[in-house]
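*Asks:* Going by UniProt numbering, the sequence shown opens with residue 1, and the numbers climb by one from there.
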Amino acid sequence: MNTITAPRAIKKGEEFVIIPRKEYEEFLRAHKMNGKKYENIVVKHTIKVPKRHKKFYEELDKELTESLREYYAGKSYGPFDSINKLKMAA
Numbered sequence: 001m002n003t004i005t006a007p008r009a010i011k012k013g014e015e016f017v018i019i020p021r022k023e024y025e026e027f028l029r030a031h032k033m034n035g036k037k038y039e040n041i042v043v044k045h046t047i048k049v050p051k052r053h054k055k056f057y058e059e060l061d062k063e064l065t066e067s068l069r070e071y072y073a074g075k076s077y078g079p080f081d082s083i084n085k086l087k088m089a090a
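1. Between which two residues does the alpha helix (DSSP H) containing LYS62 stretch?
2. Going by alpha carbons, who is nearest to HIS31 out of GLU14, ALA73, THR5, THR65?
3. Tell me which residues share the same chain as LYS62 and place their Cβ nearer than 7 Å to its Cβ, disregarding the 5 neighbours each side in the sequence.
4. Can the beta-carbon of THR65 be found closer than 9 Å to that of ILE47?
5. What three-state label does DSSP hand ARG21 in the structure shown?
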């Protein structure tokens with residue numbers, strides 16, 4: 001059995017959490033995304049598109065880029081339990 005000794009610097013009323021290192025690193029990555037890094041997100045299509053559809057795909061890329069930036073900035077809602085809750089949020 002592993003034994004962990006908590007340091008005395010942790011005072012009464014403070015929280016002390018032990019998690020696996022992998023989860024901690026995932027938390028740090030997610031925390032960094034809440035900073036200004038989401039402004040650098042740009043979606044560009046990687047497939048060759050015929051000229052007649054190019055305008056459509058460029059507009060789609062702009063909308064996807066904007067949606068991802070808003071999502072990472074925390075401007076998203078949901079999921080909702082019912083359609084009524086969705087309507088109330090709008």
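We put the CB at the ideal spot given by N, CA and C, even for glycine.
*Replies:* Checking against the coordinates, here is how it stands:
1. Here residue 62 refers to the residue found at position 62 of the sequence shown. Where LYS62 is concerned, the enclosing alpha helix (DSSP H) stretches over 51-72.
2. In the sequence shown, the residue the question calls residue 31 occupies position 31. Looking at the Cα atoms, ALA73 is the closest of the given residues.
3. For the purposes of this step, residue 62 is taken as the residue at position 62 of the sequence shown. Here the set comprises nothing.
4. For the purposes of this step, residue 65 is identified with residue 65 of the sequence shown, where counting begins at 1. For the purposes of this step, residue 47 is identified with residue 47 of the sequence shown, where counting begins at 1. Not in contact: THR65 and ILE47 (Cβ atoms no closer than 9 Å).
5. In the sequence shown, the residue the question calls residue 21 occupies position 21. Correct three-state label for ARG21: helix.
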